[in-house]
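Residue numbers (our numbering): -18 to 89.
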């Protein structure tokens, strides 16, 4: 247990997805990194959905999406064959569905 606490491993969802991705498309640097690019593009769409839902203003959603797309963290995450872009996407979708559930509960 102490070994797991001192060296935590990332959850396997990204690596299982990447393994299936590489079986469909060749094992190359381009195909390996392309999965993270796709997750990042979906994250950009998700941040638009979240900001549009929260603020109900298209201009605010576009500004938020632009800032997110060109942020100094988002660009490197989309280029690395690591799980960070998937974490971004899943976090944004979780936020979207959480606020949607809260709003529906409040409306009754």
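All residues carry an ideal CB built from backbone N, CA and C; glycine is no exception.
Terminal residues of the continuous alpha helix (DSSP H) containing residue i?
i	result
residue 86	65 to 88
Which residue from the options puts its Cα closest to that of residue i?
i	options	result
residue 25	5, -6, 68	68
residue 36	87, 86, 81	81
residue 13	50, 56, 63	63
residue 83	34, 59, 3	34
residue -5	9, 16, 7	16
residue 43	27, -1, 65	27
Kindly indicate which three-state DSSP category residue i falls into: helix, strand or coil?
i	result
residue 6	coil
residue 54	coil
residue 62	coil
residue 37	coil
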